[in-house]
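Converting from the sequence shown to the working numbering requires adding 101 to each position, the first position being numbered 1. We put the beta carbon where it would ideally sit given N, CA and C, even for glycine. A short worksheet on the structure shown next.
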Amino acid sequence: MQHITATDTQLASAREVRAAARAGVIAPTSGLAHGLVQANLISVPADWAYDVLLYSQRNPQPCPVLEVLDAGATESRLAPGSDLRTDIPKYRVWRHGELTEEVSDASSAWEEHPDLVSFLIGCSFTFEAGLVDAGIEIRHQTLGRNVPMYRTNRDCVPAGRLSGELVVSMRPIAADRVADAVQISGRYPAVHGAPVHIGSPAGLGITDLLAPEFGDAPELRDGEVPVFWACGVTPQAAIMASKPPFALTHAPGYMFVTDVPDANYAR
């Protein structure tokens, strides 16, 4: 990492996002705290932590690990003073592979499982800032929607007790800007990097682009191409397939906003 320091304005913005989440405000985080890294969350009891770590190591594009917290810890080093129990706008609680509830405060998860080990995983919302700065529209931001995300027919590499398929996010990109989008996102391998697929959704086993499994339906316009990136919701697909007794995750599109500038993860 280059260890570039966030500006006072950026830090204030990130802290405002986390404070709003802590106060119960529920909204997708795409486009918020411009220029700062956002992260996916998966927290599991300590006896499942090695499986998650190994799964992430074997599938680095969809599961790029930014930080692993000690068992029971809730403050991220990527955002001093933060609290993973409250600072994400919406969480998902999983039991035996089933989504049992969505909450805006996950404190009870640590009360139930004091040994939770939390993983912060890179998010494509991070490189969206670079796309915007280059004049590439992020359609879900324009429309005030959540990014569309899809389960695919591509299996991830199994690890320990975990297996599942790749999940992707999609952004419609004007055909003459696709190469730019590939180049810009490719500078950030720690937050999924370059696209995994460009063009026909059928190549990923996606039968209906307007019916994503996660997020909101997209809007494609004439002259645009669907571009797909590996997504940090992939661990949630592994939870559904592998059915650990308990897991806590962010809700797709509702991320943990850190104090770390995007440039620290640029290649």
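{"Query": "Given 8 Å, three or more beta-carbon pairs between the region 260 to 278 and the region 209 to 218", "Result": "no"}
{"Query": "Buried or exposed by the 16-neighbour rule on C-beta atoms within 10 Å, applied to residue 336", "Result": "buried"}
{"Query": "Endpoints, the alpha helix (DSSP H) within which residue 153 is located", "Result": "147 to 159"}
{"Query": "Cβ neighbours of residue 338 in the same chain (closer than 7 Å, five flanking residues each side left out)", "Result": "252, 265, 266, 268"}
{"Query": "Per-residue DSSP class, three states only, for residue 319", "Result": "coil"}
{"Query": "Pick from 362, 201, 351, 282 that is closest to residue 113, judged by C-alpha positions", "Result": "362"}
{"Query": "Contact set for residue 313: own chain, Cβ-Cβ below 8 Å, skip 5 residues either direction", "Result": "249, 250, 251, 271, 319"}
{"Query": "Sequence-distant residues of its chain with Cβ nearer than 7 Å to residue 224 (five each side left out)", "Result": "139, 140, 141, 292, 333, 356"}
{"Query": "Straight-line gap, residue 216 to residue 236 (C-alpha atoms, nearest Å)", "Result": "45 Å"}
{"Query": "Cβ neighbour criterion (16 or more within 10 Å) applied to residue 119", "Result": "buried"}
{"Query": "Which of helix, strand or coil DSSP assigns to residue 287", "Result": "helix"}
{"Query": "Residues bridged to residue 363 [DSSP beta-bridge criterion]", "Result": "Residue 363 pairs with nothing; no bridge assigned."}
{"Query": "Assigned exposure category for residue 173 - 16 Cβ within 10 Å defines buried", "Result": "exposed"}
{"Query": "Assigned secondary structure, residue 215 (DSSP; H/G/I helix, E/B strand, else coil)", "Result": "coil"}
{"Query": "Stretch pair the region 175 to 191 + the region 122 to 141: three plus CB contacts closer than 8 Å", "Result": "yes"}
{"Query": "As assigned by DSSP and simplified to three states, the class of residue 376", "Result": "Summary: the structure shown does not reach residue 376, with the chain confined to residues 102 through 368, and so no result is reported for it."}
{"Query": "Buried/exposed call for residue 229, threshold 16 Cβ in 10 Å", "Result": "buried"}
{"Query": "Secondary structure of residue 167, DSSP reduced to three states", "Result": "strand"}
{"Query": "Residue 227, enclosing alpha helix (DSSP H) - first and last residue", "Result": "226 to 234"}
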